[in-house]
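Protein chains: 2
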Amino acid sequence: MKKQCTIVISGGMDSSTLAYYLKDKGYELEAVSFSYGQKHAVKELECAKKIANDLKIKHTVVDMSFLGSLLNSALTNKDEAVPEGHYEAETMKRTIVPNRNTIMATIAHAIGYSKGIKNLALGVHGGDHHIYFDCRPVFIDTLQTLLQRSNGDDEIKVFAPFLYIDKTDILRLGLNLNVPYQDTWTCYAGRTDACGKCGSCSERIQSFQQCNTKDPLEYEK
Amino acid sequence: MKKQCTIVISGGMDSSTLAYYLKDKGYELEAVSFSYGQKHAVKELECAKKIANDLKIKHTVVDMSFLGSLLNSALTNKDEAVPEGHYEAETMKRTIVPNRNTIMATIAHAIGYSKGIKNLALGVHGGDHHIYFDCRPVFIDTLQTLLQRSNGDDEIKVFAPFLYIDKTDILRLGLNLNVPYQDTWTCYAGRTDACGKCGSCSERIQSFQQCNTKDPLEYEK
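Chains A and B, in that order, give the protein sequences. For the first sequence, this note's numbering assigns the number 20 to the initial residue and increments by one for each residue that follows. For the second sequence, this note's numbering assigns the number 20 to the initial residue and increments by one for each residue that follows.
Written out as structure tokens, the structure is:
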């Protein structure tokens with residue numbers, strides 16, 4: 020059987036690294052990205068496209084921007100600023116989009132499964148667990164069971180190889196795999212350059228510092 | 020706590036009956052329908068709107084018609100005829116849309132949950148189990164667990180009160196609840212009148228016969 024996998028890529032560091040990681044492990048990849056009304060959609064999707072082009076893999080962008088107006092989150096709500104500071108803060112809960120990973124995972128899997136691709140890979144990692152419930156091991160395990168039961172096919176697998184490692188560890192893997200991090204986008208603020216202040220930027224900057232490597236991305240002064 | 024519930028309504032008999040059933044049980048309802056490129060979308064959605072109007076409940080139609088071209092199913096594939104005959108036939112497997120119920124359920128729940136509505140109701144029933152894996156009790160159970168884990172909220176419940184009864188039983192309930200079945204749509208063929216021949220029509224006709232009641236819908240000669 021061919022080693023095939025559908026992968027959700029956001030244009031961020033984690034899922035981009037995952038794509039290079041799986042390619043290196045010999046998987047033929049089918050990439051899917053989502054526009055769901057997030058303020059940083061344009062930059063993220065540009066990066067996702069660059070990554071898919073560089074890896075020469077098929078890439079589908081699913082437009083779910085209509086969801087933005089239906090859901091109630093600071094990431095999609097135009098009248099609310101994205102909170103600054105580390106993810107630990109209570110306010111960062113406002114960046115939660117209900118069922119986000121579930122919705123993206125099940126649509127991406129449906130697209131791949133229609134072509135006979137059973138596996139689905141997600142870039143969730145250990146550092147996400149604190150406030151994002153849908154990044155925890157028990158969630159990933161239940162998602163796999165649901166996809167199997169949804170299709171009556173026990174061969175369906177959900178891969179999340181970074182589930183127990185953190186962003187710094189992912190960067191360590193990615194630097195060795197030559198991931199072009201200048202083509203990845205992390206900032207939630209949605210401006211031209213990365214803000215360097217939001218929870219997402221803070222984490223990225225810290226990871227590069229811990230790896231003693233210069234981040235190739237430009238930040239606002 | 021207010022008795023509230025998000026409900027996925029298709030415009031068909033089962034989910035329409037469910038809406039009247041839950042209203043009768045005292046639930047305040049939030050209805051969500053989907054356009055996913057199905058050939059019978061227009062008729063179905065017209066009926067869903069009539070049902071929501073009649074019940075005076077909020078109704079959101081989510082346009083996911085882009086999925087039609089991405090997925091591989093006779094219900095959405097323009098070059099393939101919808102198979103005729105009873106659901107028992109092997110060919111009816113071509114009417115399966117991968118992860119359909121999962122995708123619709125998780126989006127509908129996200130819309131309701133954004134407004135603080137924890138419960139989700141689905142009109143799946145015992146007669147669906149044979150070929151639709153995502154209508155089986157074990158699927159509904161896993162879906163509830165996934166939604167709970169996705170949001171870290173054990174109070175989330177998935178209601179599927181028709182899970183162990185069949186279409187004829189649903190019709191028995193609905194006739195007593197005065198469901199306006201002339202405003203429900205069942206046919207998969209996507210023409211002006213119901214074809215009376217597809218698996219879906221065959222089931223409907225049989226149910227009305229078993230209830231000794233005239234179906235108020237017009238069928239093709």
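Note that the Cβ used here is the ideal one computed from N, Cα and C, for glycine as well.
- Euclidean distance between Cα positions of lysine 69 (chain A) and glycine 193 (chain B): 54 Å
- Query: So, helix, strand or coil for aspartate 188 (chain B), using DSSP?
  - Reply: helix
- Query: Considering only residues of the same chain and omitting the five flanking positions on each side of lysine 176 (chain B), which have a CB-CB separation below 6 Å?
  - Reply: Asn138
- Could you check the C-alpha separation between alanine 60 (chain A) and arginine 210 (chain A) for me, to the nearest Å? 11 Å
- Query: Can you tell which of A:Ala129, A:Thr125 and A:Pro235 has its C-alpha closest to the C-alpha of alanine 213 (chain A)?
  - Reply: A:Pro235
- To which residues of the same chain is lysine 186 (chain B) closer than 6 Å at the C-beta, ignoring the five residues directly before and after it? Gly146, Glu222 and Ser226
- Message: Tell me the rounded alpha-carbon separation between aspartate 243 (chain A) and glutamine 228 (chain A).
- Response: A query on residue 243 (chain A) cannot be resolved here, the shown segment of chain A reaching from 20 to 240 and no further.
- Query: At which residues does the alpha helix (DSSP H) containing alanine 50 (chain A) begin and terminate?
  - Reply: Careful: alanine 50 (chain A) lies outside any alpha helix (DSSP H), inside the beta strand (DSSP E) at 47-54.
- Inter-residue spacing [alpha-carbon to alpha-carbon] between isoleucine 130 (chain A) and threonine 125 (chain B): 16 Å
- Residues, ordered as in the chain, of the stretch 150-161 of chain A that lie near chain B by beta-carbon distance below 8 Å: Phe152, Asp153, Arg155, Val157, Phe158 and Thr161
- Task: Could you tell me whether any non-hydrogen atom of the ligand PLP is closer than 8 Å to the CB of glutamate 222 (chain B)?
- Result: As for the ligand PLP, it is missing from this structure, which has no ligand bound.
- Message: My assumption, with CB atoms under 8 Å, is that cysteine 154 (chain B) sits in contact with asparagine 118 (chain B). Please give the rounded CB distance.
- Response: Wrong, their Cβ atoms sit about 13 Å apart, outside the cutoff.
- Under a Cβ-count criterion, where at least 16 other Cβ atoms within 10 Å of its own Cβ denotes burial, should threonine 232 (chain A) be classed as buried or exposed? exposed
- Message: Here's a check: name, in chain order, each residue in its chain whose Cβ is nearer than 6 Å to the Cβ of glutamate 174 (chain B), leaving out the five neighbours to either side.
- Response: Lys137
- Residues near serine 84 (chain A) by beta carbon distance below 8 Å, same chain, minus five either side: Ser54, Tyr55, Gly56 and Ala60
- Query: Would you call the stretch 155-164 of chain B and the stretch 36-55 of chain B in contact, with 3 or more CB pairs under 8 Å?
  - Reply: no
- Query: Would you report the Cα separation of lysine 22 (chain A) and histidine 128 (chain A), rounded to the nearest angstrom?
  - Reply: 15 Å
- Item | CB-CB length for cysteine 206 (chain A) against cysteine 220 (chain A), believed under 8 Å | 5 Å
- Item | For histidine 144 (chain A), the nearest candidate out of A:Gly215, A:Cys217, A:Lys75 and A:Leu182 (CA to CA) | A:Leu182
- Item | Beta-carbon proximity list for serine 29 (chain B), same chain, < 7 Å, skipping 5 on both sides | Ser52, Glu63 and Ala67
- Query: So which residues of chain A does alanine 129 (chain B) contact, with C-beta pairs closer than 7 Å?
  - Reply: Leu90, Pro117, Asn118 and Ile122
- Item | C-beta contact flag for tryptophan 204 (chain B) and glycine 31 (chain B) at 9 Å | yes
- Message: So if I threshold CB-CB distances at 8 Å, which residues from the stretch 34-62 of chain B count as touching chain A?
- Response: none
- Message: Applying the 10 Å Cβ sphere with the 16-neighbour rule, what's the burial state of valine 116 (chain B)?
- Response: buried
- Collapsed DSSP secondary structure at lysine 77 (chain B) in the structure displayed: strand
- Quick one: list the residues of chain B neighbouring threonine 125 (chain A), beta-carbon separation under 8 Å, in chain order. Asn118, Thr121, Ile122 and Thr125
- Query: Apart from the five residues on each side of it in sequence, which residues of its chain come closer than 7 Å, Cβ to Cβ, to glutamate 47 (chain B)?
  - Reply: Lys21, Lys22 and Gln23
- Query: Under 9 Å between C-beta atoms, does asparagine 170 (chain A) make it to chain B?
  - Reply: yes
- List the residues of chain B that leucine 165 (chain A) touches, going by C-beta distances under 7 Å, in chain order. Thr121, Thr161, Leu162 and Leu165
- Query: In its own chain, which residues sit with a C-beta less than 6 Å from the C-beta of histidine 78 (chain B), not counting the 5 before and 5 after it?
  - Reply: Ala50 and Ala71
- Message: Under 9 Å, Cβ to Cβ, is there at least one residue of chain A near phenylalanine 85 (chain B)?
- Response: yes
- Item | DSSP-derived helix/strand/coil call for phenylalanine 181 (chain A) | coil
- Query: Name the chain B residues that come within less than 9 Å of serine 29 (chain A), Cβ to Cβ?
  - Reply: Ordered by position in chain B, no residue passes the 9 Å Cβ test against serine 29 (chain A), which lies about 18 Å from the chain.
- Query: What do you get for glycine 248 (chain B), buried or exposed, if any count of 16 or more other CB atoms within 10 angstroms of its CB means buried?
  - Reply: What the structure shows of chain B is the stretch from 20 to 240, and residue 248 (chain B) is not part of that stretch, so it cannot be assessed.
- Task: Determine the contact status of glycine 142 (chain A) and isoleucine 224 (chain A), defining contact as a CB-CB distance below 9 Å.
- Result: no
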